[in-house]
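If you read the sequences in order, they're chains A and B. When you number the first sequence by the numbering used here, it's gap-free, plus one each residue, and the end is 767. When you number the second sequence by the numbering used here, it's gap-free, plus one each residue, and the end is 120.
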Amino acid sequence: MTILEAAAAIRAKKVTSAELTAESLSSIARLQPRLNAFITVAEERARERARRADEELKRGMDRGPLHGIPIAVKDVFCMRGMRTTCGSKLFENHVPDRDAAAVERLEAAGAVITGKANMHELAYGITSSNPHFGFVRNARNPEHIPGGSSGGSGSAVAAGMVFMAMGSDTGGSIRIPASFCGTVGIKPTFGRVSRYGVMPLDFSLDHMGPLTRTVRDAAVCLGAIAGHDPRDETSSRQPVPEFLPPRQVSIQGLRIGIPENFYFERVDPEVEAAVRRMASAAANLGATLVPVRVPDIRELNVIARVILLAEASAVMEKHLSRRENFGADVLSLLDQGRLIAATDYVNAQRLRRVKQQEFRRIWRHADCLLTPCTPTPAPKIGQTAITIAGEAEDARLASTRLVRAINLLGLPALALPCGVHTLGLPMGTQLIGRPFTEPLLFRVGAALEDVTGFDKRVPPEC
Amino acid sequence: MKNWKLIAQGLDVAIPEADLPKLSQTLEAMDTAFRPLAEAIPDEMEPAVIFHIQPEEQV
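This is the structure:
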């Protein structure tokens, strides 16, 4: 069942929020030992909120499609009175005295938060193999990573534990788990969703967004959390449009850019074929496929890495004297960041503007880009390298290779499933748009989802 | 090639000796790719860093 279906069922009095929430909590209890998707489950709080949601609806107070819907938030979103760990031993007993803006808005929209999703330590990695709170496992195959850093969010949504889980994305941390777990994930335009109350990894690259089962559900959730927030200096004053595409969505005449360089190089052949089938599906729906050359994404990735290393280490430096509190992979990245020269950091932020100007030229020829999201399906837990076309590559760098640059540019990007690999694992595609064109990405994504039906695939034994 | 070990020592960053070779290799690869980009930045290009100032009441 999707959010929109559940919302209709609640209003048709076929089900209550209390029943949906009880089902969600039961699913969490059953699957948590296998997937470890949660750090904290807020059972009593969720049941109380669900009861309240039902009472409000009985009184005729309707907060919209999320009213009474059980969801989760990554354990990077502060919640007043509820432990928020950021997946780190440093914060294992941290209980904030405020709610993150996204939490405030989701609860104002009536959503029922069932708990805090497990994640990669400090949101700094792609495996979600957390040394402090246990490894998260992929709902499609527990021997594989769910991606990260929002791995618990991806696995929880894919397994049907919740209808939506919030994630954060600094170098692909929403889109990678979406791709590996077979869910939808939207990284909105920088500034579209407030970062207030979210424990930071990187001030200038962090983005917040939902992971859901369908594109339309992602649109509904983004509608609930988007909008200006004076408490976040980077928050945009752009008006919030209607994100939800209509039932009969048309992409007739849209120009979809298919990169001629970079994005299809060193990609698993099955992933490439699946993404090209999505492009063909778009063409069959009346879109025009436009070959485009993109600026050198390798350069953008290097610039983004310099910024991330420096900013993340600046955030965490005061804690680095207690080295035993960090996992080895995260500590290595934080050490690297401490050795970046200040001049390199400033120049990386200058290069960001140079690359922003270069990338802008693409939109003369295309309304959005269609690319693979990750070059392979999910690696196995513990796998540190992947081999594509006979060439071995570090698994972390490979998994972020097609997504990281978009954080540097601040552009919106929508990840959605595009098929199932012969390994039995999902494959993901990515739609990238101009700033603040999420409605267009949702239109294209919904049209493709309607004809391919990849959102209907349910993980085994879940 | 930068001497990352000396940089770490100079900055008094306590990185275990055993971790330095791998860390140096990663940083060197990144630095090699980054250097030519940094050298080609137009002089007038401002960094993408936010600082806002608003009028304030006199206190």
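The beta-carbon is built from N, C-alpha and C at its ideal position, and this holds for glycine as well. Computed from a predicted model, the values in this text were never measured in an experiment.
Span of the beta strand (DSSP E) around residue i
{"i": "residue 473(A)", "result": "469 to 474"}
{"i": "residue 623(A)", "result": "Note, residue 623(A): premise wrong, no beta strand (DSSP E); not H, not E."}
{"i": "residue 553(A)", "result": "Looking at the DSSP string, residue 553(A) is not in any beta strand (DSSP E), and its letter there is neither H nor E."}
{"i": "residue 675(A)", "result": "673 to 677"}
{"i": "residue 492(A)", "result": "489 to 492"}
{"i": "residue 667(A)", "result": "Here residue 667(A) belongs to no beta strand (DSSP E), and DSSP marks it neither H nor E."}
{"i": "residue 735(A)", "result": "731 to 738"}
{"i": "residue 513(A)", "result": "512 to 517"}
{"i": "residue 723(A)", "result": "718 to 725"}
{"i": "residue 422(A)", "result": "417 to 422"}
{"i": "residue 371(A)", "result": "That residue, residue 371(A), is in no beta strand (DSSP E); it is neither H nor E in DSSP."}
{"i": "residue 593(A)", "result": "593 to 597"}
{"i": "residue 109(B)", "result": "Element bounds for residue 109(B): n/a, residue is neither H nor E."}
C-beta neighbour in chain B for residue i, strict 8 Å
{"i": "residue 652(A)", "result": "yes"}
{"i": "residue 608(A)", "result": "yes"}
{"i": "residue 367(A)", "result": "no"}
{"i": "residue 640(A)", "result": "yes"}
{"i": "residue 427(A)", "result": "no"}
{"i": "residue 539(A)", "result": "yes"}
{"i": "residue 611(A)", "result": "yes"}
{"i": "residue 659(A)", "result": "yes"}
{"i": "residue 656(A)", "result": "yes"}
{"i": "residue 649(A)", "result": "yes"}
{"i": "residue 604(A)", "result": "yes"}
{"i": "residue 385(A)", "result": "no"}
{"i": "residue 637(A)", "result": "yes"}
{"i": "residue 643(A)", "result": "yes"}
{"i": "residue 509(A)", "result": "yes"}
Cutoff 8 Å: residue i Cβ touching any chain A Cβ
{"i": "residue 82(B)", "result": "no"}
{"i": "residue 79(B)", "result": "no"}
{"i": "residue 107(B)", "result": "yes"}
{"i": "residue 91(B)", "result": "yes"}
{"i": "residue 68(B)", "result": "yes"}
{"i": "residue 76(B)", "result": "yes"}
{"i": "residue 114(B)", "result": "no"}
Delimiting residues of the alpha helix (DSSP H) encompassing residue i
{"i": "residue 498(A)", "result": "Here residue 498(A) belongs to no alpha helix (DSSP H), and DSSP marks it neither H nor E."}
{"i": "residue 340(A)", "result": "322 to 340"}
{"i": "residue 93(B)", "result": "81 to 100"}
{"i": "residue 379(A)", "result": "That residue, residue 379(A), is in no alpha helix (DSSP H); its beta strand (DSSP E) goes 375 to 379."}
{"i": "residue 699(A)", "result": "Premise fails: residue 699(A) lies in the beta strand (DSSP E), 696 to 699, not in any alpha helix (DSSP H)."}
{"i": "residue 564(A)", "result": "No alpha helix (DSSP H) contains residue 564(A), which is instead part of the beta strand (DSSP E) from 560 to 564."}
{"i": "residue 441(A)", "result": "Per DSSP, residue 441(A) belongs to no alpha helix (DSSP H) and is neither H nor E."}
{"i": "residue 711(A)", "result": "709 to 714"}
{"i": "residue 315(A)", "result": "308 to 316"}
{"i": "residue 485(A)", "result": "480 to 486"}
Beta-carbon proximity of residue i to residue j, cut-off 8 Å
{"i": "residue 740(A)", "j": "residue 494(A)", "result": "yes"}
{"i": "residue 560(A)", "j": "residue 599(A)", "result": "no"}
{"i": "residue 422(A)", "j": "residue 379(A)", "result": "yes"}
{"i": "residue 390(A)", "j": "residue 396(A)", "result": "yes"}
{"i": "residue 431(A)", "j": "residue 415(A)", "result": "no"}
{"i": "residue 429(A)", "j": "residue 617(A)", "result": "yes"}
{"i": "residue 503(A)", "j": "residue 376(A)", "result": "no"}
{"i": "residue 639(A)", "j": "residue 476(A)", "result": "no"}
{"i": "residue 492(A)", "j": "residue 711(A)", "result": "yes"}
{"i": "residue 720(A)", "j": "residue 562(A)", "result": "no"}
{"i": "residue 579(A)", "j": "residue 750(A)", "result": "no"}
{"i": "residue 697(A)", "j": "residue 688(A)", "result": "no"}
{"i": "residue 606(A)", "j": "residue 706(A)", "result": "yes"}
{"i": "residue 652(A)", "j": "residue 99(B)", "result": "yes"}
{"i": "residue 386(A)", "j": "residue 400(A)", "result": "yes"}
{"i": "residue 597(A)", "j": "residue 667(A)", "result": "yes"}
{"i": "residue 486(A)", "j": "residue 463(A)", "result": "yes"}
{"i": "residue 753(A)", "j": "residue 673(A)", "result": "no"}
{"i": "residue 582(A)", "j": "residue 109(B)", "result": "no"}
{"i": "residue 744(A)", "j": "residue 508(A)", "result": "no"}
{"i": "residue 630(A)", "j": "residue 394(A)", "result": "yes"}
Whole-angstrom C-beta distance between residue j and residue i, which should lie under 8 Å
{"i": "residue 564(A)", "j": "residue 676(A)", "result": "6 Å"}
{"i": "residue 730(A)", "j": "residue 425(A)", "result": "Incorrect: roughly 19 Å between the Cβ atoms, too far for contact."}
{"i": "residue 354(A)", "j": "residue 529(A)", "result": "That pair is no contact at about 15 Å."}
{"i": "residue 315(A)", "j": "residue 362(A)", "result": "7 Å"}
{"i": "residue 345(A)", "j": "residue 420(A)", "result": "5 Å"}
{"i": "residue 736(A)", "j": "residue 664(A)", "result": "About 15 Å; that fails the 8 Å criterion."}
{"i": "residue 510(A)", "j": "residue 619(A)", "result": "With 8 Å as the limit, residue 510(A) and residue 619(A) do not qualify as a contact, their Cβ atoms being about 13 Å apart."}
{"i": "residue 791(A)", "j": "residue 506(A)", "result": "With chain A covering only 306 through 767, there is no way to say anything about residue 791(A)."}
{"i": "residue 732(A)", "j": "residue 570(A)", "result": "Incorrect: roughly 17 Å between the Cβ atoms, too far for contact."}
{"i": "residue 392(A)", "j": "residue 435(A)", "result": "5 Å"}
> Can at least three beta-carbon pairs, one atom from the stretch 64 to 84 of chain B and one from the stretch 518 to 535 of chain A, be found at a separation below 8 Å?
Replying inline: Judged by Cβ distances under 8 Å, the stretch 64 to 84 of chain B makes no contact with the stretch 518 to 535 of chain A, as fewer than three pairs qualify.
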